Amino acid sequence: MKTTNGGTSWVTQGTAFSSTDSYPNLIHFFNANDGVAQGDPLTDGGPFEVYTTSDGGTTWTPATTPATLSGEYGAEAQPAVSGNTIWFGTLEGRIFRSSDKGLTWSVSNAALPDGVFALAFRDAQNGLANSFNLDSGAKVLKRTTDGGATWTTVSYTGLFPGFGLDNVPGTQQYIATGLDVAGTGNSTGSSYSRDNGQTWVTLETAISHTRVDAVSPTAIWSGAIDDNTFGGLGMNRLTTTTLGSRAASPEQLGFSVYPNPSTDGRFVVGSKVARTGVELRVSDALGREVTRRAWQGSTATPFTLDLSQYKAGVYTLEIRSEAGTSHQKLVVR
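In UniProt numbering, the protein residues as written are 1 to 333.
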């Protein structure tokens, strides 16, 4: 159905999902004219029922997807979109991708054991997908850095609720939400990641959420639900400005890192302020932590960070102290 008056009235569109067994799992518009809709296969092992429109939804044209597996259905969750590229997941743990607004499709196997429960991309190459077992509460998080062609398991740290997942537009952050549907106590609340899902920082653990939708760093909503009755309670809105704030630089917190770039992989980290309990973490370009070092004693003594055993490339140094957390790109030549 289509509306042109903000939902006051609707007109049925008769060129898509005409079978009595048809219905859309998702509808997405890239702009006022170009859109795509996806529904489940009409035959076992057949393609997904997909249509595209270029006239604002007045008419719809069938598009062909790769064949499905026997018994494979689409995950009834929001798709991930970046520019003209769209992804959707299936209950068999596979992810379908189109880079031309739904006209042509490819598929990859993310090997998520309980299907694709949530999916988000921060750009055309980098994305996260997870499964969530509603009975046991078990979660598996996967990451891609090649647009979804291949997926690797993320051994993350911190609270990852796993029910809702979205990228935060205008940033390189993800936000995750959840509820204690399995009674395990490890899924209620919300958290965010700034390192491609490797580390999750808790926002809160008191609110029960379903899916989450981030429009901007300061405009984020999730579905509200009663944990006991599973009845809807309306919407939650994120009120913190945490996701809209940039991480501090080392200089802002009184730290310095030199030389950078380094030709031998060795960096000296100094501090203008004497502190204790400082920790250094280094991640590679894929967001994988490669080393974690404790700055023994006082920061009055400079710390030599030796990355000479790692290959040349770009790394991210995270400095954690009571003054806050800072991030610095390191280049090893």
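Think of the CB as a built atom: it goes at the ideal place given N, C-alpha and C, for glycine as much as any other residue. Predicted model, so just to flag it, every value in this text is computed and none were measured.
- Secondary-structure assignment with DSSP links G232 through a beta bridge to I225.
- In the DSSP annotation of this structure, the continuous segment of the beta strand (DSSP E) that includes V36 starts and ends at G35 to G39.
- The C-alpha of Y51 is placed about 30 Å away from the C-alpha of L141.
- Annotation for F29: the continuous beta strand (DSSP E) segment containing it runs P24 to F29.
- When rounded, the separation of the alpha-carbon atoms in N133 and P302 is 47 Å.
- Straight through space, the alpha carbons of D40 and T61 are spaced by roughly 16 Å.
- Across the structure, T104 and S131 are spaced so that their CA atoms are roughly 26 Å apart.
- By the Cβ test, the region 253-263 is in contact with the region 304-322, since at least three Cβ pairs between them sit closer than 8 Å.
- Rounded to the nearest whole angstrom, the CA to CA distance from A224 to D306 is 47 Å.
- Burial state of P161 is buried, judged by a 10 Å Cβ sphere holding 16 or more other Cβ atoms.
- R266 is bridged by DSSP to D306.
- Counting the other Cβ atoms within 10 Å of the Cβ of L243 gives 16 or more, which makes it buried.
- If only complete runs of 4 or more residues are kept, the region 67-154 shows no alpha helix (DSSP H) anywhere.
- DSSP, reduced to helix, strand and coil, places L179 outside both helices and strands of the structure shown, so it counts as coil.
- Annotation for T316: the continuous beta strand (DSSP E) segment containing it runs G313 to S321.
- With fewer than 16 neighbouring CB atoms inside 10 Å of its own CB, F230 falls in the exposed class.
- Note on geometry: alpha-carbon atoms of S136 and T152 lie some 22 Å from one another.
- Comparing alpha carbon positions, the residue from T177, G35 and I27 closest to E76 is I27.
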